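Beneath this line is the structure, given in structure tokens, with notes to follow.
2 protein chains.
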Amino acid sequence: MEKPPEKARRSIGAKRNPDSADAIRDAAEAVLLEVGYAGFSIEAVARRARAGKPTIYRWWPSKAALLLDVYQRQKRDIDYADTGSVEEDMFRFLKSLFRQWRETPAGSIFRSFVAEAQSDETASAALADYMRERRAHNGRMVERAKARGEVAAGIDSALVADLLSSYAWIHLLTNRLDEDDETIRKAVQVIVKGLLAGGT
Amino acid sequence: MEKPPEKARRSIGAKRNPDSADAIRDAAEAVLLEVGYAGFSIEAVARRARAGKPTIYRWWPSKAALLLDVYQRQKRDIDYADTGSVEEDMFRFLKSLFRQWRETPAGSIFRSFVAEAQSDETASAALADYMRERRAHNGRMVERAKARGEVAAGIDSALVADLLSSYAWIHLLTNRLDEDDETIRKAVQVIVKGLLAGGT
DNA sequence: CTCCATCGAAACGGTACGTTCCGTTAAATA
DNA sequence: TATTTAACGGAACGTACCGTTTCGATGGAG
Numbered sequence: 000m001e002k003p004p005e006k007a008r009r010s011i012g013a014k015r016n017p018d019s020a021d022a023i024r025d026a027a028e029a030v031l032l033e034v035g036y037a038g039f040s041i042e043a044v045a046r047r048a049r050a051g052k053p054t055i056y057r058w059w060p061s062k063a064a065l066l067l068d069v070y071q072r073q074k075r076d077i078d079y080a081d082t083g084s085v086e087e088d089m090f091r092f093l094k095s096l097f098r099q100w101r102e103t104p105a106g107s108i109f110r111s112f113v114a115e116a117q118s119d120e121t122a123s124a125a126l127a128d129y130m131r132e133r134r135a136h137n138g139r140m141v142e143r144a145k146a147r148g149e150v151a152a153g154i155d156s157a158l159v160a161d162l163l164s165s166y167a168w169i170h171l172l173t174n175r176l177d178e179d180d181e182t183i184r185k186a187v188q189v190i191v192k193g194l195l196a197g198g199t
Numbered sequence: 000m001e002k003p004p005e006k007a008r009r010s011i012g013a014k015r016n017p018d019s020a021d022a023i024r025d026a027a028e029a030v031l032l033e034v035g036y037a038g039f040s041i042e043a044v045a046r047r048a049r050a051g052k053p054t055i056y057r058w059w060p061s062k063a064a065l066l067l068d069v070y071q072r073q074k075r076d077i078d079y080a081d082t083g084s085v086e087e088d089m090f091r092f093l094k095s096l097f098r099q100w101r102e103t104p105a106g107s108i109f110r111s112f113v114a115e116a117q118s119d120e121t122a123s124a125a126l127a128d129y130m131r132e133r134r135a136h137n138g139r140m141v142e143r144a145k146a147r148g149e150v151a152a153g154i155d156s157a158l159v160a161d162l163l164s165s166y167a168w169i170h171l172l173t174n175r176l177d178e179d180d181e182t183i184r185k186a187v188q189v190i191v192k193g194l195l196a197g198g199t
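Dropping the structure here:
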């Protein structure tokens, strides 16, 4: 990630300095990636960004707010391709999500955010909103499949999205993002085909 | 829960005082339940238990160790009944787990433990061990169903247990333990029957 | 030209960390 | 029985981070 600036920035007058805001966000991301949530403190971010603590507190009311900001800044490069098969869609989704969580700061950041939400009300509310949006968004995979008759009409697409997210979460939170393709595929197959004997 | 003891205990000689150990565990549980993970500090537990901090650190090497101890002391009253239907077994399991998490300190404690595991290596390792054991244990529901031919032989029972746990976790961690029976049942149905059209 | 919100820096009081001493207690050991 | 040993609660330590306040310098807005 970015290096700490050689020289501290200064005020640019009676308005917010966007360089400082960027430096703080970059520093927060770098700290999370390099020393993890355990070392993520406002002081550490301020040191890294060569910014004053009041500058952080002026624009982000809490650690949770800074975390959320950093998480939302993450670019999403998740595979939402419509392959015509809901099973394949779900497999690709999970695989690319695991990959993004493994290979970018996104996983570390999201883990921290979930942890923060367990003790901070603000973070908890933001997480609830975020997850609601994710369920709706990921549910589209199922809706598409319903539209072409692949999936039964009675299926609650948000619920299926919930199951998918759940599977991803628990793997993120317990350091199991390195599952091989076959395992992920089998998990998707259980959701798609169920586990009963005698089926297809 | 218990009240803080009126008088501090004293040494009972050159061996561990079980009263102190109990008081510390009780206090830890009470602090977690009353002020939550945010207020869970070794100092707060020591105050509540009228114990010295060194006494805590002597027997529990870290906050995570104390958390794990307290969680494992929780009585499990989960419904593992064998109803002859894997769908009914899973529904009862989830419903009773949600209930226990809602109505006892277990949910609050486990949430804290998962959060702690996101920044503490010891807690993370303990959580991984614990979840491995849970997958094996919950997988028995599926194994039973396989034995009677209800579930296809190719199904990985640990993977199904993982899906069940995942669904429970995300509901715990995002304050959604109050799902009604129908929602839980539909989630289980997706796992059991899949979501394809044209099935049973 | 004056006002004023911003900047980084430094310091504040407060809390919790994990550790080290202390005097007291009583079991274990010789 | 006399001595050793280890646990106890309590107090204090230095470190780290919290969130806040004060400061002088900066430079755009009125």
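Respectively, the protein sequence lines represent chains H and E. For the first sequence, numbering that gives the first Met the number 0 gives the first residue as 0, with consecutive numbering after it. For the second sequence, numbering that gives the first Met the number 0 gives the first residue as 0, with consecutive numbering after it. For each residue, glycine too, the CB sits at the ideal point set by N, CA and C. Quantities reported herein were computed from a predicted structural model and do not represent experimental measurements.
How about residue i and residue j: are their beta carbons less than 8 Å apart?
{"i": "Thr-164 of chain H", "j": "Glu-142 of chain H", "result": "For clarity, residue 164 of chain H is Ser in the given sequence; the question names Thr instead. Their beta carbons are not under 8 Å apart, which means Ser-164 of chain H does not touch Glu-142 of chain H by this criterion."}
{"i": "Ala-26 of chain H", "j": "Arg-8 of chain H", "result": "no"}
{"i": "Lys-52 of chain H", "j": "Ala-45 of chain H", "result": "yes"}
{"i": "Ala-127 of chain E", "j": "Thr-173 of chain H", "result": "yes"}
{"i": "Trp-168 of chain E", "j": "Trp-168 of chain H", "result": "yes"}
Tell me which residues share the same chain as residue i and place their Cβ nearer than 6 Å to its Cβ, disregarding the 5 neighbours each side in the sequence.
{"i": "Lys-14 of chain E", "result": "none"}
{"i": "Asp-161 of chain H", "result": "Arg-134"}
Could you name the residues of the same chain whose beta carbon sits closer than 7 Å to that of residue i, not counting the 5 residues immediately before and after it, in chain order?
{"i": "Ser-19 of chain E", "result": "Arg-8, Ala-50 and Thr-54"}
{"i": "Asp-201 of chain E", "result": "Within the shown structure, residues of chain E are numbered from 0 to 199, placing residue 201 of chain E beyond reach of any answer."}
{"i": "Thr-199 of chain E", "result": "For Thr-199 of chain E, the predicted structure reports a pLDDT of 47, less than 50, and the residue's modelled location is therefore unreliable. A value from the coordinates is still provided. Answer for Thr-199 of chain E: Lys-192, listed in chain order."}
{"i": "Glu-1 of chain E", "result": "Confidence is the limiting factor: at Glu-1 of chain E the pLDDT is only 48, short of 50, which leaves the residue's position unreliable and the question unanswerable from this model."}
{"i": "Gly-38 of chain H", "result": "Val-30"}
My assumption, with CB atoms under 8 Å, is that residue i sits in contact with residue j. Please give the rounded CB distance.
{"i": "Arg-133 of chain E", "j": "Val-69 of chain E", "result": "The Cβ separation is near 17 Å, so there is no contact."}
{"i": "Ala-114 of chain H", "j": "Tyr-36 of chain H", "result": "6 Å"}
{"i": "Phe-109 of chain H", "j": "Ile-183 of chain H", "result": "Not quite, the Cβ-Cβ distance comes to about 18 Å (not below 8 Å), so this is no contact."}
{"i": "Gly-193 of chain E", "j": "Val-187 of chain H", "result": "About 10 Å separates the two Cβ atoms, so there is no contact after all."}
{"i": "Met-130 of chain H", "j": "Phe-92 of chain H", "result": "The pair is not a contact, with the Cβ atoms about 16 Å apart (cut-off 8 Å)."}
{"i": "Gln-117 of chain E", "j": "Ser-111 of chain H", "result": "7 Å"}
{"i": "Val-159 of chain H", "j": "Leu-158 of chain E", "result": "Not a contact, Cβ separation roughly 17 Å."}
Report all residues from its chain with a CB closer than 8 Å to the CB of residue i; omit the five preceding and five following residues, and keep chain order.
{"i": "His-170 of chain E", "result": "Phe-97, Leu-176 and Glu-178"}
{"i": "Asp-119 of chain H", "result": "Ser-61, Lys-62 and Ala-63"}
{"i": "Gln-73 of chain H", "result": "Thr-103, Pro-104, Ala-105 and Ile-108"}
{"i": "Gly-138 of chain H", "result": "Ser-156, Ala-157, Val-159 and Ala-160"}
{"i": "Ile-77 of chain E", "result": "Phe-92, Ser-95, Leu-96 and Gln-99"}
{"i": "Ile-154 of chain E", "result": "Val-141 and Lys-145"}
{"i": "Ser-10 of chain E", "result": "Asn-16"}
{"i": "Gly-235 of chain E", "result": "In the structure displayed, chain E extends from 0 to 199; residue 235 of chain E sits before or after that span and is not available."}
Within 7 Å: the Cβ of residue i and any heavy atom of the ligand NAD?
{"i": "Gly-35 of chain H", "result": "No copy of the ligand NAD appears in this structure; indeed no ligand is present at all."}
Check: Should the segment 29 to 48 of chain H be called in touch with the segment 101 to 118 of chain H, which here means at least 3 C-beta pairs below 8 Å?
Finding: yes
Notebook entry, point to check: Just checking, does the segment 133 to 147 of chain H make contact with the segment 135 to 151 of chain E on the three C-beta pairs under 8 Å criterion?
Noted result: no
Check: Is the segment 81 to 99 of chain H close to the segment 168 to 181 of chain H, with three or more CB pairs under 8 Å?
Finding: yes
Margin query: Three or more C-beta pairs under 8 Å: does that hold for the segment 58 to 68 of chain H against the segment 80 to 88 of chain H?
Written below: No, they do not touch.
Margin query: Beta carbons nearer than 9 Å to chain H: which residues of the segment 161 to 178 of chain E have them?
Written below: Asp-161, Leu-162, Ser-164, Ser-165, Tyr-166, Ala-167, Trp-168, Ile-169, His-170, Leu-172, Thr-173, Asn-174 and Arg-175
Check: Along the segment 31 to 51 of chain H, what residues have a CB closer than 7 Å to any CB found in chain E?
Finding: Within the segment 31 to 51 of chain H, the qualifying residues are Gly-35, Tyr-36 and Ala-37.
Next item on the list: Using a Cβ-Cβ cut-off of less than 9 Å, list which residues of the segment 91 to 116 of chain E approach chain H; keep chain order.
Entry: Arg-110, Ser-111, Val-113, Ala-114, Glu-115 and Ala-116
Check: Would you call the segment 117 to 127 of chain H and the segment 119 to 127 of chain E touching, i.e. three or more CB-CB distances under 8 Å?
Finding: no
Check: Using a Cβ cut-off of 7 Å, which residues of the segment 8 to 25 of chain E contact any Cβ in chain H, in chain order?
Finding: none
Next item on the list: Determine which residues of the segment 119 to 143 of chain E have a Cβ less than 9 Å from any Cβ of chain H, and write them out in chain order.
Entry: Asp-119, Glu-120, Ser-123, Leu-126, Ala-127, Met-130 and Val-141
Item checked: Short-range partners of chain E found in the segment 57 to 79 of chain H, where Cβ spacing is below 9 Å -> From the segment 57 to 79 of chain H, no residue has a Cβ closer than 9 Å to chain E.
Check: Using a beta-carbon distance cut-off of less than 7 Å, what residues from the segment 143 to 158 of chain H approach chain E?
Finding: Gly-148, Glu-149, Val-150, Ala-151, Ile-154, Asp-155 and Leu-158
Next item on the list: Anything in the segment 180 to 195 of chain H with a Cβ closer than 9 Å to a Cβ of chain E? List those residues in chain order, please.
Entry: For the segment 180 to 195 of chain H, which is checked against every Cβ of chain E, the residues closer than 9 Å are Thr-182, Lys-185, Ala-186, Gln-188, Val-189, Ile-190, Val-191, Lys-192, Gly-193, Leu-194 and Leu-195.
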